[in-house]
Each structure stands twice: as structure tokens, then as C-alpha cells.
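There are 2 protein chains.
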Amino acid sequence: MSILTFGHKNPDTDSVCAAIALADLKKKLGEDIAPAMQGELTPESKFVLEKFGVAAPEVVTSYAGKDVYLVDHSDLAQSPDDLGKANILGIVDHHKLGDVTTSQPLECWIWPVGCTCTVIKSMYNFFNVEIPQDIAGILLCAILSDTVIFKSATCTDKDKAACEDLAKISGVDDVQALGMDMFKVKSAVEGTPIRDLVKRDYKDFDMSGNKVGIGQLEVVDLSILDGVKADLAADIATLKKEGGHHSIFLLLTDIIKEGSEVLIVSDDDSVIEKAFGVKPADGKAWLDGVMSRKKQVVPNLEKAFA
Amino acid sequence: MSILTFGHKNPDTDSVCAAIALADLKKKLGEDIAPAMQGELTPESKFVLEKFGVAAPEVVTSYAGKDVYLVDHSDLAQSPDDLGKANILGIVDHHKLGDVTTSQPLECWIWPVGCTCTVIKSMYNFFNVEIPQDIAGILLCAILSDTVIFKSATCTDKDKAACEDLAKISGVDDVQALGMDMFKVKSAVEGTPIRDLVKRDYKDFDMSGNKVGIGQLEVVDLSILDGVKADLAADIATLKKEGGHHSIFLLLTDIIKEGSEVLIVSDDDSVIEKAFGVKPADGKAWLDGVMSRKKQVVPNLEKAFA
Ligand SMILES: [Mn+2]
Ligand SMILES: [Mn+2]
Numbered sequence: 001m002s003i004l005t006f007g008h009k010n011p012d013t014d015s016v017c018a019a020i021a022l023a024d025l026k027k028k029l030g031e032d033i034a035p036a037m038q039g040e041l042t043p044e045s046k047f048v049l050e051k052f053g054v055a056a057p058e059v060v061t062s063y064a065g066k067d068v069y070l071v072d073h074s075d076l077a078q079s080p081d082d083l084g085k086a087n088i089l090g091i092v093d094h095h096k097l098g099d100v101t102t103s104q105p106l107e108c109w110i111w112p113v114g115c116t117c118t119v120i121k122s123m124y125n126f127f128n129v130e131i132p133q134d135i136a137g138i139l140l141c142a143i144l145s146d147t148v149i150f151k152s153a154t155c156t157d158k159d160k161a162a163c164e165d166l167a168k169i170s171g172v173d174d175v176q177a178l179g180m181d182m183f184k185v186k187s188a189v190e191g192t193p194i195r196d197l198v199k200r201d202y203k204d205f206d207m208s209g210n211k212v213g214i215g216q217l218e219v220v221d222l223s224i225l226d227g228v229k230a231d232l233a234a235d236i237a238t239l240k241k242e243g244g245h246h247s248i249f250l251l252l253t254d255i256i257k258e259g260s261e262v263l264i265v266s267d268d269d270s271v272i273e274k275a276f277g278v279k280p281a282d283g284k285a286w287l288d289g290v291m292s293r294k295k296q297v298v299p300n301l302e303k304a305f306a
Numbered sequence: 001m002s003i004l005t006f007g008h009k010n011p012d013t014d015s016v017c018a019a020i021a022l023a024d025l026k027k028k029l030g031e032d033i034a035p036a037m038q039g040e041l042t043p044e045s046k047f048v049l050e051k052f053g054v055a056a057p058e059v060v061t062s063y064a065g066k067d068v069y070l071v072d073h074s075d076l077a078q079s080p081d082d083l084g085k086a087n088i089l090g091i092v093d094h095h096k097l098g099d100v101t102t103s104q105p106l107e108c109w110i111w112p113v114g115c116t117c118t119v120i121k122s123m124y125n126f127f128n129v130e131i132p133q134d135i136a137g138i139l140l141c142a143i144l145s146d147t148v149i150f151k152s153a154t155c156t157d158k159d160k161a162a163c164e165d166l167a168k169i170s171g172v173d174d175v176q177a178l179g180m181d182m183f184k185v186k187s188a189v190e191g192t193p194i195r196d197l198v199k200r201d202y203k204d205f206d207m208s209g210n211k212v213g214i215g216q217l218e219v220v221d222l223s224i225l226d227g228v229k230a231d232l233a234a235d236i237a238t239l240k241k242e243g244g245h246h247s248i249f250l251l252l253t254d255i256i257k258e259g260s261e262v263l264i265v266s267d268d269d270s271v272i273e274k275a276f277g278v279k280p281a282d283g284k285a286w287l288d289g290v291m292s293r294k295k296q297v298v299p300n301l302e303k304a305f306a
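If you're matching them up, the sequences are chains A and B in order. Take the first sequence: its position 131, counted from the start at 1, is 131 in full-length UniProt numbering, and no numbers get skipped. Take the second sequence: its position 104, counted from the start at 1, is 104 in full-length UniProt numbering, and no numbers get skipped.
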């Protein structure tokens with residue numbers, strides 16, 4: 001395969017499904033391309049691919065000398081370490097514009113919507129390519145995942161409209177029920193090593209020169225995490241020491257109550273109060289209404305660090 | 001007006017026409033937006049707007065506190081100096097991805113085609129908005145300008161297809177003749193101050209830490225420049241001193257012969273030989289087949305400087 005497409009490190013369902021769908025679309029447009037991912041499937045992504053009978057992409061961590069499309073990120077920190085030796089053909093994303101640059105013209109489809117897969121769904125329409133039933137199913141799941149079943153502040157009308165179309169194509173009658181099934185899988189913590197829970201959806205950011213890690217665990221009920229919360233707090237403290245971070249924040253997001261408990265280890269606790277107006281106690285704080293790392297947590301923290 | 005859209009510094013016809021057309025499209029999609037430009041019209045752009053009866057955008061050099069769409073660039077060096085204080089809603093472009101970043105999700109339409117206006121033509125189609133006759137005319141001219149009437153190495157089938165549609169919509173029977181009329185205006189040098197000729201289509205680049213200026217003058221016959229060539233060479237030497245450049249290159253491009261004579265002032269002449277395999281003599285060199293600064297000159301020089 002001469003071209004590879006892949007999402008960010010610690011791939012989530014959007015990164016995996018967007019890579020699969022973009023490879024499908026581009027193949028039909030005549031490109032020799034395969035999907036890849038920078039790490040193993042999460043339980044949620046595994047559930048989604050198995051539900052619709054779609055094969056998992058290969059895990060690839062080195063891309064030197066390859067032609068690549070990035071999906072679901074445009075930050076060097078989220079990209080493979082040897083991205084500088086790859087030739088970037090394009091980016092499909094829905095985040096803020098990161099620090100990836102290129103030395104050749106490229107193809108970017110980056111929209112301010114809730115999920116990369118919403119953009120890819122529109123690309124199928126634009127290029128007049130029919131979306132296969134199984135691909136429609138995983139695109140639908142990715143949008144439900146990234147938008148927390150339409151509850152996230154990042155969710156837009158375009159995401160909802162895409163899901164309506166995708167539900168029809170994939171033959172899903174009850175979108176809400178599919179979303180809850182998926183989030184129950186995502187919520188499960190039994191038998192998972194603590195570090196894996198911390199890293200399930202974890203990203204490092206550079207905020208005004210400070211290394212800041214932000215993880216997020218989304219559950220259908222916070223009580224699911226009662227038995228592991230102390231271990232999670234201890235592990236982010238260890239991770240902070242290992243990584244030399246200024247701060248690590250772990251968001252425990254209750255998608256039904258619509259808010260997040262944040263576990264905090266930081267050289268300066270006051271950034272949380274600066275960012276959210278809430279004083280942490282015992283290394284944690286409840287952030288009411290905060291569901292989205294990208295739209296709510298990262299911008300507020302960046303301002304607090306600036 | 002709450003939103004402004006504008007192209008790069010020293011605006012060319014693509015930057016001006018793309019801003020006008022994007023504002024038209026976005027207005028029809030419900031946004032409160034106006035086109036702007038960072039500098040005065042070139043004679044070519046003036047000819048194009050007058051030919052199709054389209055008003056020139058306002059010259060605006062400060063964008064602090066504004067919501068903005070960038071067109072035809074994604075480099076901080078090409079953007080307004082206070083771009084950091086603006087809120088970037090999106091980018092429509094056809095260059096390599098530059099060093100602009102954002103702290104919020106945004107809308108990017110960046111394609112590896114010959115002209116930003118080719119992307120905007122497709123955006124009208126995507127959003128199902130009819131292209132007005134006058135806008136079609138200026139989009140057509142911008143594509144003819146950026147692709148040097150389809151002769152540039154950057155020209156793609158998408159640019160040609162867009163021009164076919166745009167010629168129909170704008171009622172232009174002879175696209176080739178329109179292009180030649182436009183390039184004759186662009187070629188004219190009488191009565192133009194030397195510095196204006198140097199700066200007519202001029203950009204500064206950062207190449208591995210070196211400040212490199214590259215200007216381009218496209219003419220229908222190099223002999224048009226015989227009377228001013230010595231003055232141009234002297235002026236880029238002055239400009240180099242003023243700006244503290246490592247090198248300034250001025251491409252005198254003959255669009256009929258399909259090549260460029262490059263005038264050189266540099267701390268290290270050998271970069272031209274490294275980049276193009278041609279040894280300069282008397283501060284100049286003929287680069288056969290080299291028509292595109294973006295696709296041929298910049299990538300080769302970047303490699304030579306690396
Ligand atoms: Mn995503
Ligand atoms: Mn252009």
C-alpha cells in the first residue's frame with residue numbers, strides 16, 4: 001500500500017472509523033490507500049467494528065517515507081514521532097488548527113463540527129460516492145461517541161443531520177439505544193489495568209510552555225468509577241512524575257448528569273479555579289455542564305495558562 | 001460588518017477575487033461578512049474587477065478583535081501583523097499548510113489545485129448556491145492568472161473544469177484571449193516605480209532560519225523588461241540591505257517561452273545551483289520550464305537551504 005491514513009495517538013472511535021472510511025472513499029476515487037492506527041483499539045472501538053463487521057486497521061507507529069492522510073488531528077504531539085519524514089497529502093479533522101505544516105500543497109477538510117466522521121460523510125456526498133452499509137454504521141457510532149449522543153457542546157446540526165442519513169443507510173432503528181450500548185462498553189472498568197483507564201482517551205498539550213496532560217473517561221454513571229477512583233488519582237500522580245508534566249487532569253465525565261469530576265495533580269492547583277471558577281478540594285472538583293475536553297476544557301485551560 | 005475575509009500581503013488577483021467571492025457565498029449562507037485586502041489592487045486586479053464591474057474590497061491592515069476568514073495563505077508571514085488578536089473562523093487556500101494555528105475549531109477548505117478560486121467555485125456547488133455572473137467572471141480571471149492560462153505546473157484538471165463552467169456562467173467566449181488581455185496588463189511596466197514592480201508579487205519566506213524574499217514578474221515577452229532589468233537588479237540589492245535578507249530572488253517569467261530568468265542577490269549564490277542545477281552568472285540565471293514560485297521555486301529552495 002503506498003498511502004496510509006491514520007488518526008491521533010491513543011486512537012478513539014472517531015480516529016479509527018475516520019481512517020477506515022477515508023481509505024474506503026479514497027480507494028473508490030482511485031487512490032492506493034489503506035487505513036492504519038497508532039495504537040490498539042479501545043473496548044468501545046472494538047465493539048463498534050464488531051457490531052458492523054468491519055476489520056480493524058493495522059497498528060502502524062512509523063510513517064517515514066510514506067504518503068499519508070491525517071484524520072482527527074493536526075497537532076505534531078498527536079502525530080507519529082517520524083511524521084516529519086512522511087509526505088502529508090491531506091488532513092480531515094474537526095479540531096482547532098494545530099502545528100502540523102507541510103512543504104507541499106495538500107488537501108484539508110477541517111470543519112467546526114462534532115466529529116471527523118461528519119466531515120467524511122459529507123465528503124462521500126461531495127464526491128458522489130455511495131456509503132457502504134457497514135461504513136455508515138461505524139461513521140454513525142463515531143459521531144455518537146464524539147458528540148456523547150448529541151449532548152456534547154461540540155455537537156452541531158450537521159452532526160445530527162449526518163446521523164439521520166447514516167442511520168437510514170446502516171439500518172439502525174434506535175440511534176439512542178445504539179449510543180447507550182456503546183457508552184456502556186466504554187464505561188466498563190472491570191479487569192482493565194488502571195494505566196489503561198488513564199490512557200483510554202488521553203492527550204498531552206503544550207500550554208504556554210507547560211506540559212499538560214488531559215485524560216477523559218466517559219461513563220453513563222460516575223458511581224461505576226467509585227471502586228477505582230483512588231487508584232486513578234494515584235496513577236496520574238505517578239504519570240506526572242514519569243512525564244515531567246506541569247499538570248495532569250483526568251476528567252470523569254457523567255454523560256447522563258452532564259458534567260465532569262476532574263482529578264487533579266498540578267504544580268499549581270489554582271489553574272483549575274482560574275479556568276472554571278471552581279475551587280478544587282482533595283485534588284478534585286466537580287465541573288457542572290463540562291462534557292467536552294476540546295471545546296470547554298482545553299480553551300479555558302489555555303487561557304488560564306496564558 | 002462583523003466578519004472580514006482577506007488574502008495575503010501584496011494581494012494578487014486570486015487573493016482579491018477569492019475574498020470577494022467567499023464573502024458573497026458566506027453572505028448567502030447567512031453570515032454578516034465583507035471582503036477586505038491587505039494592500040492596494042495591482043493593475044491586473046484592477047483590470048479584472050473593472051472588466052466585470054465588481055467593486056474593490058476595502059484596504060484593511062489591522063484585524064485585532066475581528067472574526068476573519070483567510071484566503072490564499074496560511075502563513076503568519078503573509079497574514080496581518082495582528083492576526084494573533086483576531087479570531088480565525090476558517091481558511092480557504094491552495095498552498096502548503098503554513099504556521100497559522102488556532103485555539104478554536106475552524107473551517108478549512110485547502111486543496112492542492114492551481115488557485116484558491118477553484119476551491120471557492122466548488123464551495124458554491126457544495127452549498128448549492130448559484131454563482132452570480134460577475135463573480136464567475138472574476139473567479140475565471142483569478143484561475144487564469146494563478147495558472148498562467150493553464151501553463152503553470154500547479155494547474156490541475158479541477159482548475160480547467162472550473163474555468164469551463166465559469167466561462168459559461170460569465171458569458172466569456174474566448175478564455176485564452178481574456179487571459180492574454182489580462183497578462184498584457186500585468187506585463188506593462190511603463191510609468192511604474194521600480195520598487196512597485198519588485199513588490200508586485202513578492203513574498204518573504206523563512207527557510208531554515210534564513211529570511212528569503214521571492215518576487216515574480218510575469219510577462220508575455222521578456223524583452224518587455226529590457227529597459228528596467230538593471231534597475232530591478234539594483235533595487236533588490238537595496239531591498240536586501242533594508243530587510244536584512246539572506247537572499248532575494250526576482251523571477252522574470254516569460255509565460256510564452258515557459259521559463260524564468262531569476263535575478264539574484266544572496267549571501268550565498270550557490271543555493272541557486274543547489275536548487276536548480278544552473279550556475280548563475282552576473283547575478284542571474286535562466287531557469288527553463290520554471291513558471292511556478294509555489295510548486296517549483298519554493299520547494300527546491302527550501303531543500304537547498306535545509
Ligand atoms: Mn474526533
Ligand atoms: Mn493563489
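Glycine included, each C-beta is placed from N, C-alpha and C at the ideal position. None of the values given here were measured: they were computed from a predicted structure.
Residue pairing from DSSP places residue 260/A in a beta bridge opposite 253/A, 287/A. Here residue 256/B is not near residue 231/B, since their CB atoms are 9 Å or more apart. Within the UniProt domain "DHHA2" (179-305) of chain A, 294, 295, 298, 299, 302, 303 place their CB atoms closer than 9 Å to a CB of chain B, listed in sequence order. Among the bridge pairs identified by DSSP, residue 105/B is matched with 96/A. Listed along chain B, no residue sits closer than 8 Å to residue 148/A by beta-carbon distance, the nearest being about 16 Å off. The beta carbons of residue 216/B and residue 239/B sit no closer together than 9 Å. The alpha-carbon of residue 234/A is positioned some 10 Å away from that of residue 263/A. Here the stretch 50-65 of chain A does not lie against the stretch 56-76 of chain B, with fewer than 3 beta-carbon pairs under 8 Å apart. Along the length of the stretch 95-182 of chain A, whole alpha helix (DSSP H) runs at least 4 residues long occupy 116-126, 133-146, 157-170, reported in chain order. Our two residues, residue 280/A and residue 300/A, have alpha carbons roughly 16 Å apart in a direct line. Here residue 145/B has 13 as same chain residues with Cβ atoms under 6 Å from its own Cβ, once five neighbours each way along the sequence are excluded.
Ranking 69/B, 47/B, 79/B, 24/B by CA distance to the CA of residue 38/B puts 79/B first. The beta carbons of residue 205/B and residue 302/B sit closer together than 9 Å. Its chain contains 204, 205, 206, 245, 246, 247, 248, 249, 301, 305 as the residues whose beta carbon lies nearer than 8 Å to that of residue 212/A, once the 5 sequence neighbours on both sides are disregarded; these appear in chain order.
Distance between residue 197/B and residue 46/B, taken at the CA atoms: about 15 Å.
Contact annotation: residue 293/A and residue 214/A have beta-carbon atoms nearer than 9 Å.
Taken through DSSP and simplified to helix, strand or coil, residue 35/B comes out as strand. For chain B, none of the residues of the stretch 38-49 of chain A brings a beta carbon within less than 9 Å of one of its beta carbons. Contacts with chain B at 9 Å (Cβ-Cβ) include residue 96/A. 200/A is the residue among 200/A, 220/A, 53/A whose C-alpha sits nearest the C-alpha of residue 236/A.
The beta carbon of residue 83/A sits no closer than 9 Å to any beta carbon of chain B.
Under the 10 Å beta carbon count, residue 296/B is surrounded by 16 or more other beta carbons and is classified as buried.
Between residue 137/B and residue 109/B, the C-beta spacing is not below 9 Å.
Nearest to residue 175/B by C-alpha distance, out of 160/B, 185/B, 188/B, 186/B, is 160/B. As the crow flies, the alpha-carbon of residue 41/B is around 46 Å from that of residue 9/A.
From the listed residues 253/B, 103/B, 115/B, the smallest Cα separation to residue 284/B is found for 253/B. Residue side-chain check: residue 201/A keeps its Cβ at 8 Å or more from all non-hydrogen atoms of ligand 1. For residue 107/B, at least one C-beta of chain A is nearer than 9 Å to its own C-beta. Taking C-alpha positions only, residue 158/B is separated from residue 113/B by approximately 7 Å. DSSP, read as helix, strand or coil, puts residue 61/B in coil. For residue 288/B, the shortest separation between its Cβ and any heavy atom of ligand 1 does not lie below 8 Å.
Comparing C-alpha distances from residue 29/B to each of 125/B, 133/B, 156/B, 97/B shows the shortest one belongs to 125/B.
Relative to ligand 1, the nearest heavy atom lies less than 8 Å away from the CB of residue 95/A. Between residue 117/B and residue 34/B, the C-beta spacing is not below 9 Å.
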